[in-house]
Amino acid sequence: MTPGATGRGTGFTLLTGEKMRLLVTGGYGFIGSNFIRHVLNRHTDVEIVNVDSLSYGSNPSNLKNLEGDKRYRFVRGSICDTGLMGELVKNVDAIVNFAAESHVDRSIADPWPFFRSNTEGVLVILEAIRRNNGNAKLVQVGTDESYGDILEGSFKEEDRLKPSSPYAASKASADLFCLAYHRTYGLNVCITRCTNNFGPYQFPEKLIPKTIIRAMLNFRIPIYGSGRNVRDWIYVSDHCEALDTVLRKGRKGETYNIAGGNEFSNLQIVSRILELMGRPMDLIEFVEDRPGHDVRYSLDSSKIRSELGWSPRHRFEESLRTTVEWYIANEWWWRPLAGEQVLHPTPWKLKW
Ligand SMILES: NC(=O)c1ccc[n+]([C@@H]2O[C@H](COP(=O)([O-])OP(=O)(O)OC[C@H]3O[C@@H](n4cnc5c(N)ncnc54)[C@H](O)[C@@H]3O)[C@@H](O)[C@H]2O)c1
336 MTPGATGRGT GFTLLTGEKM RLLVTGGYGF IGSNFIRHVL NRHTDVEIVN
386 VDSLSYGSNP SNLKNLEGDK RYRFVRGSIC DTGLMGELVK NVDAIVNFAA
436 ESHVDRSIAD PWPFFRSNTE GVLVILEAIR RNNGNAKLVQ VGTDESYGDI
486 LEGSFKEEDR LKPSSPYAAS KASADLFCLA YHRTYGLNVC ITRCTNNFGP
536 YQFPEKLIPK TIIRAMLNFR IPIYGSGRNV RDWIYVSDHC EALDTVLRKG
586 RKGETYNIAG GNEFSNLQIV SRILELMGRP MDLIEFVEDR PGHDVRYSLD
636 SSKIRSELGW SPRHRFEESL RTTVEWYIAN EWWWRPLAGE QVLHPTPWKL
686 KW
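Heads up: the sequence shown at position 137 corresponds to 472 in our numbering, and the numbers run straight through without jumps.
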């Protein structure tokens, strides 16, 4: 058994005593697929079932290399399916929930799918655990966007949630349900809130992949507003390691902020990518800002660092270079996923 899988305060005991049986939801998405690979590479004593509805952010080829690995199994389905989730949670030690609609712009155009998957889906998981396997631990993968923006300083875990977009509101609501289920029913829940991720297998519509792809194609790169909005960036494998740490050592009912410590404006990020790729800065085109666009996100992650001993291992500059190289080398992966917003030569006009 992996050291730290059980212990005081984690309220976490393996059902089998030997293997950790893990249900990963949304495991065909960007972070979920990186997490599954990370866990299977790191631990031999683990079995993973991945349930994913194959919504637009997913891609089965993200986990192509696991075909034939007996420790891994895929089930197609939605976390909103009460019957399915009831069955799946029965035989697991823990659930890590990545399943979500994740694109902020899409949530502004149509919030309903976000409410269903991100809020209602989490309630379905909590009920499935409560009714079928009250010992299972849930790690709810949340976001810094739930706190809203902050001009100076950094949010701590106990700060008020003040989401700006429908996406952030749906994620914040899920966190509140998790806390309520811990308090009322004693469920073993941990919530994580992480800053912006980047790395291989990120859907082409997101800022970093979109910039790399459009720069490769010599297309103009759209930036919302003045480009001064600041985000803190974390390399996806550092996030995966933090989640694995919370899964094994996180205390029942606790929330952990996960931050990369790399704050940059969108303009700085895009400029750095263009520099790395040897493309001219005049490819940048400023476009109409996103409504309710948060100015700055920032998290204080001292709790996970001091209590659980996690800290990010990867340097931003090297990871950004690795990511650029990955997209250049893996056109087979992103080409079938990239829609009009990425592949049209002139920046699009979004209808908010
Ligand atoms: N990407 C980031 O920077 C970031 C930062 C902090 C937190 N998060 C959170 O991490 C999680 C994963 O984000 P991501 O960027 O990998 O997203 P993604 O869009 O790449 O992946 C989401 C996955 O969830 C699946 N899914 C959606 N609805 C589902 C449902 N009802 N049932 C089953 N599967 C469903 C999709 O098919 C997809 O495979 C999300 O919960 C997101 O809120 C992301």
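Beta carbons are placed, not taken as given, at the ideal position from N, Cα and C, and that holds for glycine.
Remember, it's a predicted structure, so these values are computed and weren't measured experimentally.
{"Item": "Residue(s) in a DSSP beta bridge with Trp568", "Value": "Asn531"}
{"Item": "Terminal residues of the alpha helix (DSSP H) in which Ser641 lies", "Value": "Ser637 to Leu643"}
{"Item": "8 Å CB neighbourhood of Arg466 in its chain, flanking five on each side removed", "Value": "Gly421"}
{"Item": "Classification of Ala463 by the beta-carbon crowding that lies within 10 angstroms, buried from 16 upward", "Value": "buried"}
{"Item": "Supposed close pair Gly483, Ser505 - CB separation, criterion 8 Å", "Value": "The pair is not a contact, with the Cβ atoms about 14 Å apart (cut-off 8 Å)."}
{"Item": "Distance, Asn523 Cα to Ala471 Cα", "Value": "7 Å"}
{"Item": "Proximity below 8 Å, CB of Leu419 to CB of Val630", "Value": "no"}
{"Item": "Closer than 7 Å: Tyr662 CB and nearest ligand 1 heavy atom", "Value": "no"}
{"Item": "8 Å Cβ cutoff met for Leu423 and Leu358", "Value": "yes"}
{"Item": "Closer than 7 Å: Cys415 CB and nearest ligand 1 heavy atom", "Value": "yes"}
{"Item": "8 Å Cβ cutoff met for Arg563 and Ile443", "Value": "no"}
{"Item": "Segment contact flag, the segment 571 to 582 with the segment 642 to 653, C-beta cutoff 8 Å, min 3 pairs", "Value": "yes"}
{"Item": "Residue from Leu578, Ser636 and Phe512 with nearest C-alpha to Asn597", "Value": "Ser636"}
{"Item": "Simplified DSSP assignment, three categories, for Leu423", "Value": "helix"}
{"Item": "Burial state of Thr454, where buried means 16 or more other Cβ atoms lie within 10 Å", "Value": "buried"}
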